[in-house]
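Q: Take this structure, written in structure tokens, and hold onto it; I'll ask about it next.
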Amino acid sequence: MLYLSDASFAHWRTLKIRRGHLEVSPGPDGTIRFVSRIPRGAKALDCSGRLVTKSFVNAHQHLYSALACGMPGPSRPPKDFPDMLKLVWWNLDRRLDKDMVRACAQAGAIAAAKAGTTFLIDHHSSPNAVTGSLDIIASALDEIGLSHLLCVELSDRDGKAKREAGFTETDRYLRRRQGLVGLHASFTVGDELLDRAVALAGSRDSGIHIHVAEAVDDQKECLRTHGLRVIERLARTGILESSKTLLAHGLHLNAKERSLFRSSRAWLVQNEESNQNNAVGGFSPKGLGDRLLLGTDGMHADMLASTRAAYLAAQARGGMTPLAAYRRLRRAHDYLSTNGFTGDGENNLVVLDYAPPTPVTTENLAGHFLYGMNSSHVDSVVSRGRLIVKHRRMTTVDEDSILARARVQAARLWRRL
């Protein structure tokens, strides 16, 4: 049992703040409670009045891009989004081997943990090293102490053999662990693969995780090939009927598609900074309802930064309150609990060394999240009742050795690009 002494605990849903000692039980769905005293000899972390709240969830991550920062640029500037995929991201993911996949997972997980995230929903791609890749990632995240929902990005873009290898990997993994069935995007997924993926998700009590209308090119290709817009095509397969389905991006949706999504059971993940980086447009929540989550799409591991980016971008698109932005950050907990996924219990906590020159209250805490806090304020992190970051250092792994090995793998990867 772990204890957090003298914590200023802010409930993640109500934002009510109470100071005292917290008892944190272990396990994938453990609990917390206030206690009047800490037992003699118990394992305790002295919070000294620091703010403590539930840790974060990244609802759409690409750990395979963790070695991309600083990599050589493409042979020429991409002229559009499909060109960006071909010259940059597909060039990178095709060159990953198993050692690189492991290094990506370890480095990305450390960055997430030190930014206060304890649950990753990851969308993986390594078409030439797909067999066993999900176990490699899961093992790395387990070692570091993060919970996860993993998938392989299934696609027809690399041919039948690579598609089947990804499909086999997905089925094998889902027989033993919680996860999702990943698809790249409508424009690289044929009808046969789409139907098989939906059937697999149903047979393994899972859901689909797919990029949707990230760029206008996805819509154009869907109309040309299928005579439907992307959301209409997905609706026809039954994907939207599952509350476990995650759609990423959703930028280029018309009114009919927004209505179809809103009346469905699926969830949609906003990835604002990635959209800006790829110059594909801005996200509008108009007509989508409130099943909206936040992710980073491989740009970084910092969910506080992702929330601030979504909030600031919204100011030019009709506005958004700090509380609404905070609620969008926290909706990922609802996605996980609604669908019975384990690992995001109340015993996942972040201790913030945050001492602003203004009062912190229940009424203004969301404003502090948006305007004051950042990942540098993350002091300690508890995942499933286990202290995995203590005073800004990992407790579960030797982070210096892991990052040194990651730099070696990054150099190997860059030589292949």
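The sequence shown begins at 5 in our numbering and counts up by one.
Each residue gets a CB set at the ideal place from its N, CA and C atoms; glycine is no exception.
#1: Rounded to whole angstroms, what's the CA-CA distance from Gly376 to Ala359? Just pull it up for me.
#2: Would you mind giving the Cβ-Cβ distance between Lys394 and Ser384, rounded to the nearest angstrom? I have them listed as a contact below 8 Å.
#3: Could you tell me whether the Cβ atoms of Leu251 and Val216 are closer together than 7 Å?
#4: Rounded to whole angstroms, how far is the Cβ of Leu421 from the Cβ of Pro76, which I believe are closer than 8 Å?
#5: If Glu225 sits next to Phe191, beta carbons under 8 Å apart, how far is it from one beta carbon to the other, in whole angstroms?
#6: Which runs of the beta strand (DSSP E), 3 residues or longer, sit entirely within the region 292-346?
#7: Enumerated in chain order, which unbroken segments of the beta strand (DSSP E) with a length of 3 residues or greater are wholly contained in the region 51-80?
#8: Mind reading off the beta-carbon distance from Gly183 to Leu138? Whole number of angstroms is fine, and I expect it under 8 Å.
#9: Taking Thr172 as the reference, give the member of Ala318, Pro131, Arg334 and Asp146 with the closest Cα.
#10: Among all the DSSP beta bridges, which residues are the ones paired with Ile36?
#11: On a CA-only basis, which of Ala109, Ile114, Thr366 and Ile125 is nearest Leu297? Give me that one, please.
#12: Tell me the start and end of each unbroken alpha helix (DSSP H) in the region 117-166 that is at least 4 residues and wholly inside, in chain order.
#13: Measure how close the beta-carbons of Val134 and Gly186 come, nearest whole angstrom, since I'm counting them as under 8 Å.
#14: Please report the residue range of the beta strand (DSSP E) in which Gly186 lies.
#15: Counting along the chain, where does the beta strand (DSSP E) carrying Asp402 start and finish?
#16: Is it buried or exposed for Lys58, if we count other Cβ within 10 angstroms and need 16 for buried?
#17: Report, in whole angstroms, the separation of the C-beta atoms of Asn352 and Thr122, which I expect to be a contact under 8 Å.
#18: Nearest to Glu218 by alpha carbon, out of Ser129, Asp146, Ala189 and Arg388?
#19: Count the other C-beta atoms from every protein chain shown that fall within 10 angstroms of the C-beta of Glu277, then say buried if there are 16 or more, exposed otherwise.
#20: With H, G and I counted as helix, E and B as strand and the rest as coil, what does DSSP make of Phe13?
#21: Hey, Leu8 and Leu19: beta-carbon distance below 7 Å or not?
#22: Can you give me the C-alpha to C-alpha distance between Ala165 and Arg208, rounded to a whole angstrom?
#23: For Lys47, which beta-bridge partners are listed by DSSP?
#24: Am I right that Met303 and Ala117 are in contact with their C-beta atoms under 8 Å? What's the rounded C-beta distance?
#25: Among all the DSSP beta bridges, which residues are the ones paired with Lys90?
#26: Note down the Cα distance separating Gly344 from Glu157, rounded to an integer number of angstroms.
#27: Cα-Cα, which of Leu6, Val61, Gly231 and Arg22 is closest to Met307?
#28: Would you report the Cα separation of Arg334 and Arg17, rounded to the nearest angstrom?
#29: Cα-Cα, which of Ile243, Arg181 and Ser247 is closest to Asp195?
#30: Between the C-alpha atoms of Ser52 and Asp84, what's the straight-line distance to the nearest angstrom?
#31: Tell me which same chain residues have a C-beta within less than 8 Å of the C-beta of Val56, skipping the five on either side of it?
#32: Taking 7 Å as the threshold (C-beta atoms), are Thr311 and Ala329 in contact?
#33: Find the nearest neighbour of Thr249 within the set Asp402, Leu257 and Val273, judged by alpha-carbon distance.
#34: Around the Cβ of Glu261, are there at least 16 other Cβ atoms within 10 angstroms (buried) or fewer (exposed)?
#35: Leaving out the 5 sequence neighbours to the left and right, which residues in its chain are closer than 7 Å to Leu145 when beta-carbon positions are compared?
A: So, from the listed chains and residues:
#1: 9 Å
#2: 5 Å
#3: yes
#4: 6 Å
#5: 4 Å
#6: 296-298
#7: 55-58 and 60-65
#8: 7 Å
#9: Pro131
#10: Val28
#11: Ile125
#12: 137-148
#13: Not quite, the Cβ-Cβ distance comes to about 11 Å (not below 8 Å), so this is no contact.
#14: Val185 to Ala189
#15: Neither: Asp402 is in no beta strand (DSSP E) and is coded neither H nor E.
#16: buried
#17: 4 Å
#18: Ala189
#19: buried
#20: strand
#21: no
#22: 22 Å
#23: Leu6
#24: Not confirmed; about 17 Å, so no contact.
#25: None; Lys90 has no bridge partner.
#26: 23 Å
#27: Val61
#28: 8 Å
#29: Ile243
#30: 51 Å
#31: Leu8, Ala11, Ser12, Phe13, Ala14, Leu26, Leu353, Val354, Val355 and Leu356
#32: yes
#33: Val273
#34: buried
#35: Ala109, Ala113, Leu124 and His152
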